[in-house]
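J.: Below is the structure I would like to discuss, written out as structure tokens.
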């Protein structure tokens, strides 16, 4: 009787260990990132403090002093990237294809709002 319990315990342990050793990549959600730079369309100067938003998500970042930004943990797919900044026209890059490769780089050019 002890041998039967021992054998059943070993079989149960082996089965449960095998179930946990499956390929975790199948269930892992792959995400990507997008990075870029925001500049003035006329002067080419970097714009600091620009709001950069991925449409359809709650992800919002602001550019650094050199106009650079990085948004991480995005599901691969097509997105609109929206930018807004005081005294500049809002800009939207439409249907940007973000792949699972972390080399998604964009350049956003913004134009000053005309005061005429």
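In our numbering, the protein residues as written are 1 to 116.
Note that beta-carbon positions come from the ideal geometry of N, C-alpha and C, so glycine has one too.
Everything numeric in this text was worked out from a predicted model, so none of it was measured.
In the DSSP assignment, find the beta strand (DSSP E) that holds residue 113 and state where it starts and stops.
T.: Looking at the DSSP string, residue 113 is not in any beta strand (DSSP E), and its letter there is neither H nor E.
J.: Once the 5 residues before and after residue 83 are set aside, which same chain residues still bring their CB inside 7 Å of it?
T.: So the list reads 38, 50, 51, 52, 90, 91, 108, 110, once near-sequence residues are dropped.
J.: From 115, 114, 103, pick the residue whose C-alpha is nearest to that of residue 31; which is it?
T.: Considering only alpha carbons, the answer is 103.
J.: How many angstroms separate the CA atom of residue 86 from the CA atom of residue 41?
T.: For residue 86 and residue 41, the distance between alpha carbons rounds to 15 Å.
J.: What are the residues that DSSP puts in a beta bridge with residue 101?
T.: Its beta-bridge partners do not exist; DSSP assigns none.
J.: Leaving out five residues before and five after residue 59 in sequence, what residues of the same chain have Cβ atoms less than 8 Å from its Cβ?
T.: Cβ neighbours of residue 59 beyond the five flanking positions: 53, 71, 73, 74.
J.: Hey, out of 80, 46, 77, whose CA is closest to residue 66's CA?
T.: Closest by alpha carbon: 46.
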